[in-house]
Each structure stands twice: as C-alpha cells, then as structure tokens.
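Let me begin by presenting the structure, written as structure tokens, before commenting on it.
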Amino acid sequence: MALSITEACINCWACAGVCPNQAIHADDPVFVIEPEKCTECMAEFPEAQCAAICPVECAIVDELGAALNPPGSLTGIPPARLRALSEAV
Amino acid sequence: MDLPVLSCAASSGGDRTAGGCGTVSGALSHLPEPVRIKVQDHPCYSEEAHHYFARMHVAVAPACNIQCNYCDRKYDCANESRPGVASELLTPTQAVRKALAVAAAIPQMAVLGIAGPGDPLANPERTFETFRLLSEKAPDIKLCVSTNGLNLPEHVDEISRHNIGHVTITINCLDPEIGMRIYPWIFWRNRRIRGREAAAILIKQQQRGLAMLAERGILVKVNSVMIPGVNDEHLKEVSRAVKDKGAFLHNVMPLIAEAGHGSHYGIMGQRAPTAAELQTLQDACADNMPMMRHCRQCRADAVGLLGEDRSAEFVLDKLDFMSIDYDLAMSRRRETREAIIRRMEAGREDKRAPRVLTAETDAMTAIVAEQELPRLPLVPASCRPVLMAVATTGQGLINQHFGHAKEFLVYEASPAGVRFVGHRKTDLYCAGTEQRGEEDEEGRSAASILERTIAALSGCEVLLCAKIGYEPWSSLEAAGIQPNGEHAMEIIEDAVLAVYREMAVTGALAPVRQKYA
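Residue numbers (my numbering), protein chains in the order written: chain L, 136 to 224; chain U, 331 to 847.
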C-alpha cells in the first residue's frame with residue numbers, strides 16, 4: 136500500500152514537509168514516494184497528508200493509478216474548460 | 331520665482347492623504363519619526379526610497395499552504411514577472427551566497443525579503459535558517475518577509491527574534507463569503523479545508539497575526555489584490571480594519587490574470603481592473619490609510635530597483651565565478667547608503683522651492699530651507715488635475731529615453747500639488763527593431779508595441795522623458811499624449827509642476843477636459 140507521484144508534480148516541496156513517515160524526497164524530474172515507507176497515512180491521519188496539501192491535480196495517485204485529487208477538484212476549473220483551452224492552442 | 335504665478339491656491343484637491351504639496355513621500359510624511367527612519371531606505375515601504383534603494387527576494391520557500399485563485403506558481407521560469415514565479419529554488423546556504431554577491435555588486439541593495447514562490451511561513455525551517463545565516467554574515471541588510479498569514483500567529487515570536495523589522499501580509503477580505511471566491515482551499519491542521527470554512531480560518535489567522543505583530547512593534551504592510559466584482563468595493567473596509575489593527579501601509583495591487591499563466595482567474599476569464607479603476611479605489615482607501623502605489627508585484631527572486639530585474643545576473647551558475655570581500659563591500663554599502671540618505675534629505679528640503687538637482691544641492695539646502703517657500707503649484711483652484719507619465723531609471727529624475735522605458739511612473743498634478751499615483755507597464759519600444767515592419771523575436775512589430783504603450787498610458791496627457799524619437803512623438807501626440815523632452819535630468823516633481831503651470835498659463839486646464847496642445 137503506497138501512494139506515488141506523477142509527472143504532474145511541480146516540485147514545490149509541500150508534501151515532503153508534511154509526510155509523517157519521511158517517505159518523500161526530491162528527485163529528478165519530480166519528487167518520489169518511497170513505497171516501503173508510505174502508509175497512505177492510514178494510521179496517522181484521516182487524509183493522506185501529501186494529497187491533502189498538494190496544489191496540483193492528478194499528481195498523487197494510489198496503487199491503481201487513481202488520482203486522489205482528480206481534475207477540477209483543486210482549482211475549480213471545469214476539466215472541459217481546460218480541454219477546450221488546450222485544443223485551442 | 332522662475333515660473334509665472336497665477337494665484338496662490340490653497341490645497342483644494344480634496345483631503346487625500348497622499349496629496350500634500352508635492353511631497354514625494356507624502357503618504358508616509360505623517361509617520362512618527364522612528365517609523366519614518368525605519369522605512370526610509372526600504373524601497374517596498376517608502377515611495378521615496380524606491381527611486382534609490384534596491385531589494386532582493388531569495389526564492390527559498392517553495393511550499394504553500396493555501397490556494398489563491400490568482401496564483402499559479404512556477405519554479406523554473408525566466409520570463410514572467412509576477413509573484414509566485416522564480417527561475418531556481420535556493421537552499422538557505424545558496425540564498426546567503428547570492429545575497430552577499432548582490433550586496434557587493436549593488437551597494438544600494440538595502441533589503442532582503444523572502445516572498446515565496448510559496449508561502450515563507452509554510453517553509454519555516456528554510457525561511458528562518460536563511461534569515462539566521464544572513465544576519466550573521468551581513469548584518470547591514472534589512473530583513474523582511476511576506477506571508478498569506480495562515481501560519482503567522484505561531485511564528486510571530488520567531489519573526490521578532492530574527493530582527494525582521496517588516497512583514498507584509500496579503501489580506502484580500504474580511505468576509506468569508508468573499509473569501510471563498512478567492513481561496514478554494516487551505517491546508518489546516520492536517521486537513522484540506524474548502525469553501526467558507528477555509529476562508530473564515532484564514533481571515534481569523536491573518537487578523538490575529540497582524541495584531542500580534544503590531545503589539546511587538548513590527549511594521550506591517552498589508553497587500554490586497556483588487557479583483558473586480560469580487561472584493562473591489564470590500565477593500566475600503568479592509569483598509570479601515572487593518573489600520574485599526576495596527577498596519578501602517580496598505581498596498582492595493584491590480585489582479586494579474588492571463589489565461590497563459592494558468593491561474594483559476596486567468597482561465598475563467600476574470601478581468602483585471604483598469605488603471606483608472608485601481609487609482610479610484612486607492613484614492614478612496616487613502617482617506618483612511620496611507621497607500622503604497624509603487625509596488626511592481628515582483629517575482630519571488632527579483633533583484634534590483636523595483637522597476638528593474640537583474641536576477642539573471644545572479645543565478646547560481648554565475649555565483650561560482652564571483653569572489654566577494656564582504657568587509658570591503660560593507661564599507662562601500664555604508665557610504666552609498668549615507669550618500670543616498672543625504673541626497674534624499676536634501677531633496678526633501680529642496681521640495682520647498684523647485685530647482686534642478688545639482689552638485690551644489692547640499693550647500694544650497696540651508697539657504698532654501700531658510701526661505702520656507704511653499705511648493706504649491708500656484709494655479710487657480712478651479713484647474714482640473716492632469717496625469718503625466720514619466721520615463722525614469724531611478725534617482726527621482728527624468729532620465730530615460732522613451733524607447734528604453736519598460737514602465738512609466740504616473741504623477742497627478744492638481745492645485746493641491748504633485749503626487750505619485752502609480753506606474754504603467756509597457757513593452758520595450760526600442761529594442762533594436764525600431765524600424766517599422768521589423769519584428770522582434772516574439773513576432774511583435776515596433777508599431778504594435780507602440781500602440782500597446784499608448785494604450786497603457788490611457789488617461790495620461792503628458793509624457794516626460796529624457797529623449798524621444800520622431801515617430802513615437804507623432805503617434806503619442808495624435809493619441810492626445812503630449813511628449814516632452816525639455817525637462818531631461820530634472821527632478822520629477824519639479825518638472826511635473828512646471829509643465830502643469832505651463833498648461834495653466836496656456837489655458838489647457840479649464841475644468842472641462844480638453845487636449846493639451
């Protein structure tokens with residue numbers, strides 16, 4: 136049981152500071168969660184701390200690859216709007 | 331007097347705090363002496379100081395604990411100039427190395443601030459370690475920090491231990507209903523909290539932190555982002571409230587929102603205020619509170635005078651090749667600082683009578699002071715106010731070529747005096763592609779840049795610069811902005827005053843707005 140970080144990560148360090156297990160470290164190109172240390176905060180907190188502070192949607196995913204912060208959940212920008220913008224570019 | 335005296339009008343331009351008879355630092359002139367001395371060399375706290383003293387931000391604080399709808403942080407961006415953006419993150423040790431290099435290369439650099447790119451107090455170890463190391467190695471640099479306020483109360487004691495004399499809190503609202511339209515979430519006590527509850531917690535923490543800092547005698551400036559239709563009217567109440575809690579300066583900044591920046595507001599099409607809307611709000615707030623109007627909303631790694639950015643000269647790769655004798659640098663910095671303060675004081679005395687700044691200024695000051703001449707514009711009280719744009723590279727002088735200006739300072743002349751009201755950013759007109767039809771690397775022609783510059787100067791009737799080419803001259807004139815290069819190297823306020831008087835004489839200041847010709 137461990138969470139992991141995708142390339143959506145912006146390397147802002149926020150997660151590393153709040154992880155109760157010191158499971159997260161800076162790496163190239165993005166931060167990495169060490170799976171053997173990650174507990175998904177099950178015992179410690181009601182929410183996985185990295186996912187609770189991460190400012191970027193889809194950067195923290197569970198073992199099935201499902202985003203803990205899915206599109207639209209943090210910015211309030213409807214995913215359709217983002218798609219329309221990227222198609223326009 | 332060297333200029334025609336029409337009539338000695340009393341202060342009739344309303345009771346704006348920032349008005350007064352041509353005082354550059356009008357907004358701060360009422361401050362108690364110890365406070366005035368504290369801010370006299372701080373470019374972000376004193377309008378007067380920002381013409382002379384430089385600042386630097388070190389980007390040691392990447393993490394943030396809230397989301398603002400106007401923010402999109404970038405950590406490796408050299409191009410955008412706005413808060414939340416930095417080219418490279420620094421460790422505290424790297425930040426101190428950079429600070430020493432900048433302090434040696436730019437002796438007028440007086441202040442080091444930590445302002446992100448995240449929230450400094452969401453990165454307390456990195457932030458305070460930087461302050462600790464720096465105060466050991468460069469005790470002559472003033473320290474300041476800027477925060478969203480969420481973690482402020484728990485860090486107030488540490489802030490005061492590190493001798494941080496200035497703190498900026500960004501406060502956009504007092505009402506959680508408004509706050510929930512600005513802040514989608516906060517990270518608080520191990521949870522992500524959203525909506526009204528999140529805004530209410532943030533507001534409470536900001537107000538507590540402000541009161542605690544004021545109790546300890548730490549100067550607090552409040553920054554507010556003006557978001558049309560969201561908090562614009564509300565900011566008048568914010569201004570009153572933060573003054574009551576002990577803030578000494580309020581900086582109302584315009585929202586920056588472009589879709590390309592990726593912020594919520596940028597993508598959702600929230601518009602920014604116009605320059606005129608911003609000035610109207612700042613003037614309304616100025617009835618209660620001194621306003622800062624010279625903020626450039628700079629990057630988290632900005633270096634230099636407020637209008638310039640020299641951060642690219644001091645990236646880590648380049649620091650390795652710089653060797654610094656800091657003791658020598660410190661004595662040079664002391665001399666520079668003293669010379670600037672002398673010059674500012676002379677200039678302040680000088681305001682009593684308009685005169686060109688010369689090498690004899692110091693010697694002249696005593697004579698001028700004795701004469702006690704009031705520096706009123708001496709135009710009929712019925713004259714309408716006029717906005718004038720100024721091209722300057724600092725020192726309080728009109729000393730820049732129109733084509734080299736990346737921004738213009740805007741001054742308002744009225745029967746009550748001359749006051750600084752803000753600045754307008756532009757694209758560089760003259761970047762080696764001044765020929766019409768030629769394009770710069772981003773595909774913009776000189777003609778389209780000039781068009782945008784003219785649009786940015788809307789509302790201004792006069793443009794004062796050291797020099798200007800024939801082509802932009804005609805275009806500006808056609809747009810109703812009179813270029814004027816006759817006051818090159820003069821003190822800005824004196825030149826603005828002289829032009830205003832000239833306009834009064836030629837009848838251009840009749841209460842009904844008409845073109846200055």
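Using N, Cα and C, we set each Cβ at its ideal position, and we do this for glycine too.
Residue contact with chain L for Cys503 of chain U: absent (no Cβ-Cβ distance below 8 Å to any residue of chain L). Listed in chain order, the alpha helix (DSSP H) runs fully inside the stretch 766 to 846 of chain U are 776 to 786, 800 to 808, 822 to 835, counting runs of at least 4 residues. Among the CB atoms of chain U, none fall inside 8 Å of the CB of Ile140 of chain L.
At least 8 Å separates the CB of Ile531 of chain U from every CB of chain L.
Inclusion of Cys394 of chain U and Pro190 of chain L in the CB contact set at 8 Å is warranted, their separation being smaller than that value. Taking a contact as a CB-CB distance under 8 Å, the pair Tyr656 of chain U and Ala384 of chain U does not count as one, their CB atoms being some 17 Å apart.
For Thr460 of chain U, the uninterrupted alpha helix (DSSP H) segment begins and ends at 454 to 467. Under the DSSP assignment, Arg749 of chain U falls in the beta strand (DSSP E) whose first and last residues are 747 to 755.
Counting only Cβ-Cβ distances below 9 Å, Arg403 of chain U has contacts in chain L at Ile145, Cys147, Pro190, in chain order. A residue is called buried once 16 or more other Cβ atoms fall within 10 Å of its Cβ, and His591 of chain U is buried on that count. For Ala384 of chain U, the enclosing beta strand (DSSP E) stretches over residues 384 to 387. Close to chain L, meaning a Cβ-Cβ distance shorter than 7 Å, are the following residues of the stretch 591 to 602 of chain U: His594, Ile597, Met598. Lys368 of chain U counts as buried, since at least 16 other C-beta atoms from the protein chains shown sit within 10 angstroms of its C-beta. Under DSSP, Trp518 of chain U shares a beta bridge with U:Arg521.
Not one beta carbon of chain L lies nearer than 8 Å to the beta carbon of Arg664 of chain U. When C-beta distances to chain L are compared with 9 Å, the residues of the stretch 513 to 544 of chain U below that value are Pro514, Trp515, Phe517, Asn520, Arg521, Arg522, in chain order. What Gln157 of chain L touches in chain U, judged by beta-carbon distance under 9 Å, is nothing: the nearest beta carbon there is about 14 Å away. Close to Gln397 of chain U, with beta-carbon spacing below 7 Å, are these residues of chain L in chain order: Pro190, Leu209.
From the beta-carbon of Phe166 of chain L, no residue of chain U is found nearer than 8 Å; the closest lies around 11 Å away.
Of all residues in the stretch 211 to 224 of chain L, those with a C-beta nearer than 8 Å to a C-beta of chain U are Gly211, Ile212, Arg216, Leu217, Leu220, reading in chain order.
Interface flag for Cys625 of chain U against chain L is unset, since no Cβ pair is found closer than 8 Å. When DSSP states are grouped into helix, strand and coil, Thr477 of chain U belongs to the strand group. Residue environment for Met386 of chain U: buried (at least 16 other C-beta atoms within 10 angstroms of its C-beta). Of the candidates U:Ile471, U:Glu545, U:Arg524, the residue whose Cα lies closest to the Cα of Val486 of chain U is U:Glu545. The C-alpha of Asp613 of chain U lies about 19 Å from the C-alpha of Glu823 of chain U.
Counting only the Cα atoms, Ala187 of chain L lies some 11 Å from Cys176 of chain L.
With respect to the 8 Å criterion, Val167 of chain L and Ile195 of chain L are not classified as neighbours on the basis of their beta carbons. Residue contact check for Ala743 of chain U against chain L: no CB pair falls below 8 Å.
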